[in-house]
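J.:
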């Protein structure tokens, strides 16, 4: 199945600043998904990134706050902009593990703390 | 109604016992179902997928799907302390126009030595 390298693994950031998270996949994938997992919570989908088109955002998430790039079929970035303490979460990227029915593989996650 | 529901737990079982984790869903058209295991501080790891009614076994794990009753379960036989984790039920709903996996809130499992 696909292997994802995600970085940074963790960061502590000042409020008002921005952080860009990168995900590199070892194979070409059509869609990449960005999730947020707040402390003690399950995963919430932020957006779906297709190569060559704008990302599709879920309700409650906007492009100005979470801009996404998808320059090719193996790479994507998520930026958390103008951060506040409420943005402290784990951010995860995900791709199809193989055939769709085999589920999805996750990157190792980025643990973000905003102070 | 939430799309995927699970008991939050914690579910505690003694070592060697069978752990039973349950999940219900609202979208009757959902086709594919997944169980993920997430250790504290780690990312989710896919352990089982199922898309046909009935049972699917993989080692100590058995996934059960009943589409008529809209539930999916995960049985862990001979539970080990290393099975202590949060288990996330997930599915692919038919109503979405692209392939978006929906996750349940997770059930925390603790296996007591």
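Residue numbers (our numbering), protein chains in the order written: chain A, 1033 to 1147; chain B, 10 to 122. Each residue gets a CB set at the ideal place from its N, CA and C atoms; glycine is no exception.
With 16 as the cutoff for other CB atoms within 10 Å, does residue 1117 (chain A) come out buried or exposed?
T.: On the first chain, residue 1117 (chain A) is found 85 positions in, with the first residue counted as 1. Its Cβ having fewer than 16 others within 10 Å, residue 1117 (chain A) is exposed.
J.: Could you confirm whether any beta carbon from chain A is found closer than 9 Å to the beta carbon of residue 38 (chain B)?
T.: For the purposes of this step, residue 38 (chain B) is identified with residue 29 of the second chain, where counting begins at 1. Taking Cβ atoms only, chain A never reaches closer than 9 Å to residue 38 (chain B), which makes this a no.
J.: What is the residue span of the beta strand (DSSP E) that residue 1086 (chain A) lies within?
T.: Position 54 of the first chain, counted from the start, is the residue given in the question as residue 1086 (chain A). From DSSP, residue 1086 (chain A) is part of no beta strand (DSSP E); its letter is neither H nor E.
J.: Against chain B, does residue 1143 (chain A) count as a neighbour if the rule is that its beta carbon must be under 9 Å from one of theirs?
T.: Stepping through the first chain from its first residue, residue 1143 (chain A) is reached at position 111. Closer than 9 Å to some Cβ of chain B, the Cβ of residue 1143 (chain A) qualifies, so yes.
J.: Under 9 Å between C-beta atoms, does residue 112 (chain B) make it to chain A?
T.: Translated into positions along the second chain, residue 112 (chain B) becomes position 103. So, interface residue.
J.: At what residues does the beta strand (DSSP E) containing residue 1103 (chain A) begin and finish?
T.: Taking the first residue of the first chain as position 1, residue 1103 (chain A) is located at position 71. Residues 1100-1104.
J.: Skipping 5 residues on each side, what residues in its chain have a beta carbon closer than 6 Å to that of residue 1097 (chain A)?
T.: Indexing the first chain from 1 puts residue 1097 (chain A) at position 65. 1113, listed in sequence order.
J.: Are there 16 or more other CB atoms within 10 angstroms of the CB of residue 1128 (chain A), so buried, or fewer, so exposed?
T.: Residue 1128 (chain A) sits at position 96 when you count from the first residue of the first chain. Under this definition residue 1128 (chain A) is a buried residue.
J.: Are there 16 or more other CB atoms within 10 angstroms of the CB of residue 27 (chain B), so buried, or fewer, so exposed?
T.: Taking the first residue of the second chain as 1, we reach residue 27 (chain B) at position 18. Exposed, by the Cβ-count rule.
J.: Rank A:1063, A:1105, A:1086, A:1060 by C-alpha distance to the C-alpha of residue 1099 (chain A) and give the top, closest one.
T.: Here residue 1099 (chain A) is taken as the residue at index 67 of the first chain, counted from 1. Of the candidates A:1063, A:1105, A:1086, A:1060, the one whose C-alpha sits nearest the C-alpha of residue 1099 (chain A) is A:1086.
J.: Looking at chain A, is there any beta carbon in it that lies within less than 9 Å of the beta carbon of residue 83 (chain B)?
T.: Sequence index remark: in the second chain, residue 83 (chain B) carries index 74 (1-based). Not flagged as an interface residue toward chain A: residue 83 (chain B), since no C-beta distance is shorter than 9 Å.
J.: With C-beta atoms as the reference, is residue 1070 (chain A) less than 9 Å away from residue 1122 (chain A)?
T.: By one-based count along the first chain, residue 1070 (chain A) stands at place 38. By one-based count along the first chain, residue 1122 (chain A) stands at place 90. Against a cut-off of 9 Å, the Cβ pair of residue 1122 (chain A) and residue 1070 (chain A) comes out as a contact.
J.: With 9 Å as the threshold, decide whether the Cβ of residue 29 (chain B) is near any Cβ in chain A.
T.: As a working mapping, residue 29 (chain B) is identified with position 20 in the second chain. It does not; no Cβ of chain A falls within 9 Å.
J.: Show which residues of chain A have a CB atom less than 8 Å away from the CB atom of residue 97 (chain B).
T.: In the second chain, counting from the first residue as 1, residue 97 (chain B) sits at position 88. Taking a Cβ-Cβ cut-off of 8 Å, the neighbours of residue 97 (chain B) in chain A comprise 1074, 1075, given in sequence order.
J.: Residue 1138 (chain A) touches chain B at which residues, Cβ-Cβ below 7 Å?
T.: Within the first chain, the letter at position 106 stands for residue 1138 (chain A). Neighbours of residue 1138 (chain A) on chain B, chain order: 52, 53.
J.: Determine the direct distance from the alpha carbon of residue 1080 (chain A) to that of residue 1103 (chain A), and round the result to whole angstroms.
T.: Indexing the first chain from 1 puts residue 1103 (chain A) at position 71. Indexing the first chain from 1 puts residue 1080 (chain A) at position 48. Taking the straight line from one Cα to the other gives about 14 Å.
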